[in-house]
Amino acid sequence: MSESTQLEGRFPPPPELAAEANVKADAYEEAARDRLGFWETQARRLSWEKEWDRVLDWDKPPFAKWFVGGKLNVAYNCLDRHVEAGHGDRVAYHWEGEPGDTRTLTYGELTQEVCRAANALLKLGVQAGDRVAIYMPMIPETVIAMLACARIGAVHMVVFGGFSADALASRITDAGAVLVITSDGGYRRGAPSALKPAVDDAVSRTDSVRNVVVVKRTGQDVEWNEGRDLWWDDVVARQSPEHTPEAFDAEHPLYIMYTSGTTAKPKGILHTTGGYLTQVSWTHWAVFDLKPDRDVFWTAADVGWVTGHSYIVYGPLSNRATSVMYEGTPDTPHKGRWWDIIQRYKVSILYTAPTTIRTFMKWGEDIPAEYDLSSLRLLGSVGEPINPEAWLWYHKNIGGGRCPIMDTWWQTETGAHMITPLPGVTTLKPGSAQTPIPGVSAKVVDDEGNELGDDSTGLLVLTEPWPSMLRTIWGDDDRYVDTYWSRFGKNVYFAGDGAKKDADGDIWLLGRVDDVMNVSGHRISTTEVESALVSHPTVAEAAVVGASDPTTGQGIVAFVILRGNVTEEQSGEELVQTLRLHVRREIGPIASPRQIMVVQELPKTRSGKIMRRLLRDVAENRELGDVTTLTDSSVMELISEKLPAAPSED
Ligand code: WT7
3 MSESTQLEGR
13 FPPPPELAAE
23 ANVKADAYEE
33 AARDRLGFWE
43 TQARRLSWEK
53 EWDRVLDWDK
63 PPFAKWFVGG
73 KLNVAYNCLD
83 RHVEAGHGDR
93 VAYHWEGEPG
103 DTRTLTYGEL
113 TQEVCRAANA
123 LLKLGVQAGD
133 RVAIYMPMIP
143 ETVIAMLACA
153 RIGAVHMVVF
163 GGFSADALAS
173 RITDAGAVLV
183 ITSDGGYRRG
193 APSALKPAVD
203 DAVSRTDSVR
213 NVVVVKRTGQ
223 DVEWNEGRDL
233 WWDDVVARQS
243 PEHTPEAFDA
253 EHPLYIMYTS
263 GTTAKPKGIL
273 HTTGGYLTQV
283 SWTHWAVFDL
293 KPDRDVFWTA
303 ADVGWVTGHS
313 YIVYGPLSNR
323 ATSVMYEGTP
333 DTPHKGRWWD
343 IIQRYKVSIL
353 YTAPTTIRTF
363 MKWGEDIPAE
373 YDLSSLRLLG
383 SVGEPINPEA
393 WLWYHKNIGG
403 GRCPIMDTWW
413 QTETGAHMIT
423 PLPGVTTLKP
433 GSAQTPIPGV
443 SAKVVDDEGN
453 ELGDDSTGLL
463 VLTEPWPSML
473 RTIWGDDDRY
483 VDTYWSRFGK
493 NVYFAGDGAK
503 KDADGDIWLL
513 GRVDDVMNVS
523 GHRISTTEVE
533 SALVSHPTVA
543 EAAVVGASDP
553 TTGQGIVAFV
563 ILRGNVTEEQ
573 SGEELVQTLR
583 LHVRREIGPI
593 ASPRQIMVVQ
603 ELPKTRSGKI
613 MRRLLRDVAE
623 NRELGDVTTL
633 TDSSVMELIS
643 EKLPAAPSED
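For the sequence shown, my numbering assigns the number 3 to the initial residue and increments by one for each residue that follows.
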């Protein structure tokens, strides 16, 4: 981040917002005085059947237990308690399908639907602790299925609908899921897009799944596996709309969410009950200044990612928010779709990713200008650093110059916001996530773990446990310790991000320092794409880098060496297309390389490590950095010659 960007505008909190803000500056002091006491206060925003005996058990770091001995039910906290308090008629979701069909679900209706689904799961023999895979489009049943699992203590494992059958199969196997909930398909880019075939393929390669429950969404033809497959409407609709929730231990597993690491095998991040809900609920209320009776809240993300789990489902529902949920893409049937949604539902808080904002920038400010966006009062950003240009564009063209932007840094692993401004307190600096929230301790350290002062650049670490932290990697405690808690010892969480502290002590996130790419706010490991490429019969070796991309943040650029038996004619553009399709099939469309370059050799160090740094230079058309550690420095000349004039379109 250049110094000049930091000198651009400062944006103090709007006075009316500051005066009525849910959280004031004293929250920081309160938490600094008594961190655990602060989180206890936030935990009491929820309804517990039994209070905890101990706030935090950190006797065996890095294995944390929060609110030890406490008992609660997540679905009760998200639904029944609001209905009991007389809010059953309040809208929980204004849902809109991509074709324009709509559904409104009140808290009362949602509670009944979740109870029916919970009863159906029990009928199907699903027990507390069992894992349930959910592979769905963005429809209300996805949320209903998640809450039904939470209600009976089953552990949900949502797999983003854009992932391939392979990715689904490996996750089902790793988690040992007994049930899959899916749909015939969903709508994307104006057409139905099938999901059931991928489930059939995935389940045929696994042996833990007993049943597949299928929601009818698109009416597409589906193959039917008698005895295994069941229609959602057949098993759920006939159930009783009543179900008495059972309170579970604060540390009972709530869900697993797979995310890419630095190896090819995705990590099953495990989140538990009491601490997760405490921090997700509090941050949703504090960071978005959520006023349940006035706001219409919209997280424009997919429920299949952690952003959707925490800020479409658990945060908003626990706070009795009215949310918008939208199934499809932002340019279907026209590029003003989002702004039309905001205008019609009078959305007051919008939460989205920088990559989407940059896409809107590309489409031009004339499009949002045609709509009435005056209902908006607060904006959020998540997924990658937001460049100041995109921040300022978002502020001006979407926020009308009046809405503060919360740049929220967090991860699948952290479960909830960690570093972000607070809307009634912080004077905003475009491009910086600024300050750890009250009760969270983040530092910037050098390679040896020494804390750095202001005006320096290093690695981001979290130095105290936090309530919504991951508890482990599913089935792999050793990998949990190795990945996050070994670089600087068992008390320091290594986030994998570079960070800079400016002269005021504000934090600027600088992107990943490991071999993880960030494409459109989604994490993809270079190794995962490399192993997908080498699994193709024509590929001998592959190296993948994330090259900076004006829209998606990073774009995937692959360098491949073909096997000896592939002829010159076979190695053209057609093969590149084949390989791209192969990666889509193996991982999913989001992992599809922007460019694939066929090369004779890869730059390697004497110890055999591929020098991705040099490949990144090539991919970004930069002058090559230091090549002296290469075994053969002429390799880079050969690769540079191969460079196509412009990146090929996906
Ligand atoms: C990685 C986590 C958190 C939900 C979405 C992504 C990057 C996330 C920001 C931000 C700069 C950010 C980091 C982080 N990241 N938010 N506001 N500013 N970088 O979750 O897939 O677990 O990815 O996303 O690199 O480590 P995820």
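Quick reminder that beta carbons are idealized off the backbone N, C-alpha and C, glycines included.
Is DSSP giving A120 helix, strand or coil here?
In the sequence shown, counting from the first residue as 1, residue 120 sits at position 118. Looking at A120 - three-state DSSP - the assignment turns out to be helix.
Just to confirm the assignment, what range does the alpha helix (DSSP H) spanning I174 have?
What you label residue 174 is simply residue 172 of the sequence shown in a count that begins at 1. From DSSP, the alpha helix (DSSP H) with I174 extends over 167–177.
DSSP state of E5 mapped onto helix, strand, coil:
Here residue 5 corresponds to residue number 3 of the sequence shown, with the count starting at 1. Confidence at E5 is low in this model, with a pLDDT of 39, below 50, so the placement of that residue should be treated as unreliable; the coordinate-derived value is given next. Residue state, collapsed to three classes: helix.
If you drop the 5 nearest sequence neighbours on each side, which residues of the same chain put their C-beta closer than 8 angstroms to that of E225?
By one-based count along the sequence shown, residue 225 stands at place 223. K198, P199, D202, listed in sequence order.
On the three-state DSSP scale, how would you describe V211?
As a working note, residue 211 is residue 209 in the sequence shown. Coil.
Taking Cβ to Cβ, would you say L2 is nearer than 8 angstroms to A505?
With the chain running from 3 to 652 in the structure shown, residue 2 is simply not present.
For S443 and G460, the rounded distance between their alpha carbons
By 1-based counting over the sequence shown, the position of residue 460 is 458. By 1-based counting over the sequence shown, the position of residue 443 is 441. Rounded to whole angstroms, G460 to S443 spans 16 angstroms at the Cα level.
Which of helix, strand or coil DSSP assigns to S443:
Locating residue 443 in the sequence shown gives position 441, where the first residue counts as 1. Coil.
Tell me the rounded alpha-carbon separation between V637 and I563.
Stepping through the sequence shown from its first residue, residue 637 is reached at position 635. Stepping through the sequence shown from its first residue, residue 563 is reached at position 561. If you take the alpha carbons of V637 and I563, they lie about 13 angstroms apart.
Check W476 in the structure and name its three-state DSSP category.
Reading the sequence shown from its first residue, position 474 is the one you call residue 476. Correct three-state label for W476: coil.
Should N321 go down as buried or exposed, given a rule of 16 or more other Cβ atoms within 10 Å for buried?
One-based indexing of the sequence shown puts residue 321 at position 319. By the 10 Å Cβ count, N321 comes out buried.
Member of W340, R346, V298, K348 whose CA lies at the smallest distance from the CA of T324:
Position 322 of the sequence shown holds residue 324. Ranking W340, R346, V298, K348 by Cα distance to T324 puts V298 first.
For the segment 476–549, list the beta strand (DSSP E) runs that are entirely contained and at least 3 residues long, ordered along the chain.
495–503, 509–514, 518–521, 524–527
Endpoints, the alpha helix (DSSP H) within which E98 is located:
By one-based count along the sequence shown, residue 98 stands at place 96. Note, E98: premise wrong, no alpha helix (DSSP H); beta strand (DSSP E) at 93–98.
Could you give the first and the last residue of the continuous alpha helix (DSSP H) run that contains Y278?
Taking the first residue of the sequence shown as 1, we reach residue 278 at position 276. Here the alpha helix (DSSP H) through Y278 covers 276–289.
Below 7 angstroms from a heavy atom of ligand 1 - residues by beta-carbon:
T261, W307, V308, T309, S383, V384, G385, E386, P387, I388, D409, T410, W411, W412, Q413, T414, E415, A435, A497, G498, D499, L511, G513, R514, N520, G523, H524, R525
Does DSSP put H311 in a helix, a strand or coil?
Numbered from 1 along the sequence shown, position 309 holds the residue referred to as residue 311. Residue state, collapsed to three classes: helix.
Own chain, CB closer than 6 angstroms to A150, minus 5 neighbours either side, in chain order
Residue numbering aside, residue 150 sits at position 148 when the sequence shown is read from its first letter. Excluding sequence neighbours, A150 sits near V116, A119, A120, L123.
Take the Cβ of W640 as the centre, count every other Cβ of all protein chains shown within 10 Å, and call the residue buried at 16 or more, exposed below.
Taking the first residue of the sequence shown as 1, we reach residue 640 at position 638. Residue identity check: residue 640 is Leu in the sequence provided, not Trp. Exposed: under 16 other Cβ atoms inside 10 Å.
How close, in whole Å, do the beta carbons of G426 and K26 come, if the pair is a contact with beta carbons under 8 angstroms?
By 1-based counting over the sequence shown, the position of residue 426 is 424. By 1-based counting over the sequence shown, the position of residue 26 is 24. Yes, they are in contact, since the Cβ atoms of G426 and K26 sit about 6 angstroms apart, within 8 angstroms.
As a quick exercise: from T553, G131, V601, pick the residue whose alpha carbon is nearest that of G566.
Residue numbering aside, residue 566 sits at position 564 when the sequence shown is read from its first letter. If we check each option's Cα against that of G566, V601 comes out closest.
With DSSP as the reference, label K398 as helix, strand or coil.
Residue numbering aside, residue 398 sits at position 396 when the sequence shown is read from its first letter. Helix at K398.
Three-state secondary structure assigned by DSSP to M408:
Looking up residue 408 in the sequence shown gives position 406. It is a strand residue.
Looking at V145 and V305, is the spacing between their C-beta atoms short of 8 angstroms?
Start at 1 with the first residue of the sequence shown, and residue 305 comes out as number 303. Start at 1 with the first residue of the sequence shown, and residue 145 comes out as number 143. Yes, they are a contact pair.
Can you confirm whether the segment 98–117 touches the segment 160–180 when touching is taken to mean that 3 or more C-beta pairs between the two stretches lie within less than 8 angstroms?
no
Excluding the 5 residues preceding and the 5 following P649 in the sequence, name in chain order all residues of the same chain whose CB lies nearer than 6 angstroms to its CB.
Numbered from its first residue, the sequence shown carries residue 649 at position 647. For P649, the predicted model reports a pLDDT of 41, less than 50, meaning its position is unreliable and no value from the coordinates is stated.
Can you tell which of E391, P370, W412 has the C-alpha that lies nearest to the C-alpha of V384?
Here the question's residue 384 lines up with position 382 in the sequence shown. That would be W412, whose Cα lies nearest to the Cα of V384.
According to DSSP, which residues form a beta bridge with W340?
What you label residue 340 is simply residue 338 of the sequence shown in a count that begins at 1. Paired residues: none, contrary to the question.
Rounded to the nearest angstrom, what separates T554 and I526 at their Cα positions?
Start at 1 with the first residue of the sequence shown, and residue 554 comes out as number 552. Start at 1 with the first residue of the sequence shown, and residue 526 comes out as number 524. Approximately 13 angstroms, taken between the alpha carbons.
Kindly identify the DSSP beta-bridge partner or partners of G187.
Working through the sequence shown from its first residue, we reach residue 187 at position 185. A196, per the DSSP bridge assignment.
Below 8 angstroms between beta carbons: does that hold for P440 and G277?
Translated into positions along the sequence shown, residue 440 becomes position 438. Translated into positions along the sequence shown, residue 277 becomes position 275. Not a contact, by the Cβ cut-off of 8 angstroms.
For W234, the first and last residue of its enclosing alpha helix (DSSP H):
Along the sequence shown, read from residue 1 onward, the residue named residue 234 stands at position 232. That run of the alpha helix (DSSP H) goes 234–238.
So, with DSSP's three-state summary, where would you put I454?
One-based indexing of the sequence shown puts residue 454 at position 452. In the sequence as presented, Ile is not what sits at residue 454; that position holds Leu. Reduced to three states, the DSSP call for L454 is coil.
Under 8 angstroms between the Cβ atoms of G270 and I136?
Position 268 of the sequence shown holds residue 270. Position 134 of the sequence shown holds residue 136. No, these two residues do not count as a Cβ contact at 8 angstroms.
State the Cα-Cα distance for the pair V57 and Y313, rounded to the nearest angstrom.
Residue 57 sits at position 55 when you count from the first residue of the sequence shown. Residue 313 sits at position 311 when you count from the first residue of the sequence shown. Cα-Cα distance, rounded: 24 angstroms.
Which partner residues does Q556 have in the DSSP bridge list?
As a working mapping, residue 556 is identified with position 554 in the sequence shown. According to DSSP, Q556 bridges with S550.
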